[in-house]
Amino acid sequence: MGCIANGAILSEKWREMVNKVNKYEMTPEALYLLHHDKILATLVKQDNRIIGIRWQVKGYNVNGGVQFRSDIPNIWIVLKSNGSIEGEGECLPFIGTYQIDALKNSVKFNVRSISLERCSKNSDAWRRQNFLIKNINNSFKFDRTGNNLELRDSNGAMTISASS
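Be aware that the sequence shown starts at 8, since it is given in the numbering used here, and climbs by one per residue.
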């Protein structure tokens with residue numbers, strides 16, 4: 008049997024933990040539940056700054072440098088509120104999952120192409136598609152400024168540039 012907190016049924020384990028809480032701290036990004044200054048739980052606010060938006064890819068890293076390309080066809084990415092990602096590359100649609108850590112402004116992707124080939128595996132478009140998927144999966148940080156989104160690798164180098 009669980010207890011009800013703010014309209015939600017919590018497990019017995021959660022109830023025991025919540026009963027130990029004697030202090031909390033709140034930041035814009037998270038709520039920390041504490042017991043004698045020890046963190047018992049962290050409830051992170053979902054980062055809605057990049058979720059649910061169709062991001063049109065404007066450029067991405069090809070062989071070590073971001074290539075801003077005006078000739079990129081309709082390449083886009085959408086991060087859904089359920090933790091899934093979908094998008095369209097030059098050759099194939101792609102799907103996957105993501106996790107956002109709002110405290111670190113970081114994101115982790117697991118993306119793969121799905122098999123609806125529209126171009127030869129030996130073509131330049133196919134190679135660019137593979138770079139795109141690799142760049143999404145190698146992205147760890149994100150920056151949003153206005154209608155622009157930049158994904159960056161662990162060294163801070165831009166991997167993908169997109170706009171809404």
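Yeah, the Cβ is synthetic: ideal placement off N, Cα and C, and Gly gets one too.
Because the structure is a prediction, the values reported are computed rather than measured.
Inset, instruction - Would you tell me roughly how many angstroms separate the C-alpha atoms of N142 and L86, rounded to the nearest one? - result: Translated into positions along the sequence shown, residue 142 becomes position 135. Translated into positions along the sequence shown, residue 86 becomes position 79. Looking at the two C-alpha atoms, the distance is approximately 15 Å.
Legend entry - Option in E32, L40, T34, M33 with minimal Cα separation from N26: Residue numbering aside, residue 26 sits at position 19 when the sequence shown is read from its first letter. Nearest to N26 by alpha-carbon distance, out of E32, L40, T34, M33, is L40.
Inset, instruction - Return helix, strand or coil for L99, following the three-state DSSP convention. - result: Translated into the one-based positions of the sequence shown, residue 99 becomes position 92. Three-state result, L99: coil.
Legend entry - Stretch-stretch touch, CB-based, cutoff 8 Å, three pairs: the stretch 150 to 165 with the stretch 128 to 140: Note that the stretch 150 to 165 does not touch the stretch 128 to 140; fewer than 3 beta-carbon pairs, one per stretch, sit closer than 8 Å.
Inset, instruction - Might you give, ordered along the chain, the residues of its own chain that have their beta carbon closer than 8 Å to the beta carbon of N13, omitting 5 neighbours on each side? - result: Working through the sequence shown from its first residue, we reach residue 13 at position 6. Any reading at N13 must be qualified, since the residue scores a pLDDT of 45, below 50, and its modelled position is unreliable; the value itself is stated next. So the list is empty, once near-sequence residues are dropped.
Inset, instruction - Apply the 10 Å Cβ neighbour rule to G90 and answer buried if 16 or more other Cβ atoms are within range, or exposed otherwise. - result: Indexing the sequence shown from 1 puts residue 90 at position 83. Of the other Cβ atoms in all chains shown, fewer than 16 fall within 10 Å of the Cβ of G90; this residue is therefore exposed.
Inset, instruction - Work out the CA separation of E32 and R61 for me, nearest whole Å. - result: Your numbering for residue 61 matches position 54 in the sequence shown. Your numbering for residue 32 matches position 25 in the sequence shown. Those two C-alpha atoms are separated by around 34 Å.
Legend entry - Per-residue DSSP class, three states only, for G9: Translated into the one-based positions of the sequence shown, residue 9 becomes position 2. In this prediction, G9 scores a pLDDT of 41, lower than 50, which makes its location untrustworthy; no coordinate-derived value is stated.
Legend entry - Reference D108, options N29, R22, G66, I58, closest by Cα: Sequence index remark: in the sequence shown, residue 108 carries index 101 (1-based). That would be I58, whose Cα lies nearest to the Cα of D108.
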